[in-house]
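Data block below; observations after.
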Amino acid sequence: METAYSVQQIQSSYIREILAAASDKNVISLAGGLPDEKTFPIHLMKPAIEALTAMTDVFQYGATIGYEPLIVHLTQTYNLPETHRVMTCTGSQQGLDLIARAYVNPNDTVAMEAPCYLGAMQVFGLAQANLVTVSQDESGPDINELELCFKTTSPKMFYAVPDFHNPTGVCWSLEKRNQVATLCIKYNVVLIEDAPYRELRFSGEPLPLVSDFCPDHSIVLRSLSKIASPGLRFGTVSGKQSYLEPLLKVKQGADLHSSTPIQAIILGLLQHAEFPKHLENIRAIYRSRYDTIFRAVQAYLPDECKITPTEGGMFVWVTLPECDTYKLANELLANKVAVVPSPVFYPTSAEPPSAIRLNFTNADPEDLVTAIQRISQVLKNTPY
Ligand SMILES: Cc1ncc(COP(=O)(O)O)c(C=O)c1O
């Protein structure tokens, strides 16, 4: 049977290959976007898991929008206006897929930052969108480029990760948040604000969502994958009711609704008195790992390698002297370190800068230092 054209043009994923290679236990993997599994708050879910045995109703078919008591809780926590709704989905990745399927026709233009989250490129690629990119600096997207992009290509939506971006770790400044929201309103572009790393701020001051400045021109995706556990596959989509209605239609066709027992467990977790303490705990652990990797990069990598500082999230982005980063990543793998090379994060074949993405949340501090020492050796020994 012939594969659909939309699937035929999706490249096989380099990251999937590298993650498979990185599963060798002798490899120190800084490649995946994995939280540390020792932090999973399983003990905080235990009371809700045990209570399930007496909750026959959650094992019945449920509403597509989500488990009612959880929807009530989320509506309050997100402080949604009357006109807005939240729906639950199977990871925020499903939310993104629903958005693409509900709103993107082949050749519709979707704007995004470059570099960009791989899973978003895949979803919009499957929808056969025309992807246009805007470059990013240390405070967010280049505003002049963004305005030019909105003016000349009239994108339907602008997909962005303003809090601790994947792959660069960049967190948009308050000014950028305001400016982007203003442009979205002016050019009638819907902001798709993807915020899975937002709660992982370990230093600096919290900033408002970009969507707070353009609530009627935005859809927000949130996730429990990075702050609780990715295996739960739980995320949410929120926005104006009129924006969510088409998503509900698509979700109904996709899977009727997300697992209700899991949603009941999530409600128990979010309402657990110790959940805020759990968040503080993971922030402290990740902060110390970030400090470790930051210091190791400065101590061991050649001076021309520059690390972009961050105040949260899971990744650091290290720019390198011009080189073939695929070749470098393969050589590093031969030396038992897995990293992700920069071209993977660029949707177009335009020359990406030489850089690597390093995850600092899944390896312990000793391994982080060893990994950076190995990267340093490989960079010193091999001309690229
Ligand atoms: C920016 C971004 N959005 C969405 C996701 C997917 O998250 P989820 O596990 O909630 O589907 C990821 C996962 O790495 C991500 O980095």
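Last residue of the sequence shown? That's 383 in numbering that gives the first Met the number 0, and every number before it is there in order.
For each residue, glycine too, the CB sits at the ideal point set by N, CA and C.
Note that this is a predicted model, so its numbers are computed, not measured.
In this chain, the beta strand (DSSP E) harbouring Gln-135 covers 129-136.
Its chain contains Thr-87, Gln-262, Ile-265 and Leu-266 as the residues whose beta carbon lies nearer than 7 Å to that of Leu-69, once the 5 sequence neighbours on both sides are disregarded; these appear in chain order.
Counting along the chain, Phe-157 sits inside the beta strand (DSSP E) bounded by residues 156-159. In this chain, Ala-53 is not harboured by any alpha helix (DSSP H), its DSSP state being neither H nor E.
In this structure, ligand 1 has a non-hydrogen atom nearer than 8 Å to the beta-carbon of Tyr-116. Around the beta-carbon of His-42, fewer than 16 other beta-carbon atoms lie within 10 Å, marking it exposed. Among the bridge pairs identified by DSSP, Ala-354 is matched with Thr-318.
For Gln-121, the distance from the CB to the nearest heavy atom of ligand 1 is not below 8 Å. DSSP places Arg-15 in the helix class (H, G or I) of the three-state scheme.
Excluding the 5 residues flanking it on each side, Asp-141 has same chain C-beta neighbours closer than 8 Å at Val-133, Ser-134 and Gln-135, in chain order. Taken through DSSP and simplified to helix, strand or coil, Cys-88 comes out as strand. Taking the C-beta atoms as reference points, Ser-341 is found no nearer than 9 Å to Pro-80. Relative to ligand 1, Val-209 has its C-beta separated by 8 Å or more from all heavy atoms. Burial state of Ala-53 is exposed, judged by a 10 Å Cβ sphere holding fewer than 16 other Cβ atoms. Here Tyr-102 is buried: its Cβ has 16 or more other Cβ atoms, across all protein chains shown, within 10 Å.
The beta-carbon distance between Cys-183 and Ser-217, rounded to whole angstroms, is 7 Å. This is short enough to meet the 8 Å contact definition. Your pair Leu-125 and Phe-344 does not check out as a contact, with CB atoms roughly 17 Å apart and the cut at 8 Å. If you ignore the 5 residues before and after Leu-246, its C-beta comes within less than 8 Å of the C-beta of Met-86, Gly-94, Leu-97, Ile-98, Ala-101 and Val-236, all in its own chain and listed in chain order. Residue pairing from DSSP places Met-111 in a beta bridge opposite Thr-132 and Tyr-158.
Relative to ligand 1, the beta carbon of Ser-153 is positioned no closer than 8 Å to any heavy atom. Counted as a single uninterrupted DSSP element, the beta strand (DSSP E) harbouring Asp-193 occupies residues 189-193.
Scanning Phe-233, His-271, Phe-201 and His-256 for the CA closest to the CA of Phe-314 turns up Phe-201. Within the same chain, and ignoring the five residues on either side of Ala-21 in sequence, the residues whose Cβ sits closer than 6 Å to its Cβ are Ser-28, Ala-30 and Ala-337.
Among the bridge pairs identified by DSSP, Arg-221 is matched with Thr-235.
Taking Gly-234 as the centre and dropping the five residues before and after it, the same chain places the C-beta of Thr-87, Cys-88, Thr-89, Gly-90, Ser-91, Gln-92, Gln-93, Gly-94, Pro-195, Leu-220, Arg-221, Ser-222, Leu-223 and Ser-224 closer than 8 Å to its C-beta, in chain order. With the rule of 3 Cβ pairs closer than 8 Å, the region 365-377 counts as touching the region 294-313. CA-to-CA, the gap between Val-317 and Leu-357 works out to about 8 Å. For Glu-146, the enclosing alpha helix (DSSP H) covers residues 142-152. In the structure shown, His-164 falls within a coil segment according to DSSP collapsed to helix, strand and coil. Here Gly-31 carries a coil assignment [DSSP, helix/strand/coil]. The alpha-carbon of Met-111 is positioned some 15 Å away from that of Asn-187.
Leu-206 has its Cβ no nearer than 8 Å to any heavy atom of ligand 1.
A heavy atom of ligand 1 is found nearer than 8 Å to the CB of Pro-229. Taking the Cα of Thr-74 as reference, the smallest distance to any Cα among Lys-239, Leu-300 and Thr-360 is reached at Lys-239. Pairing Leu-319 with Lys-250, the inter-Cα distance amounts to about 42 Å.
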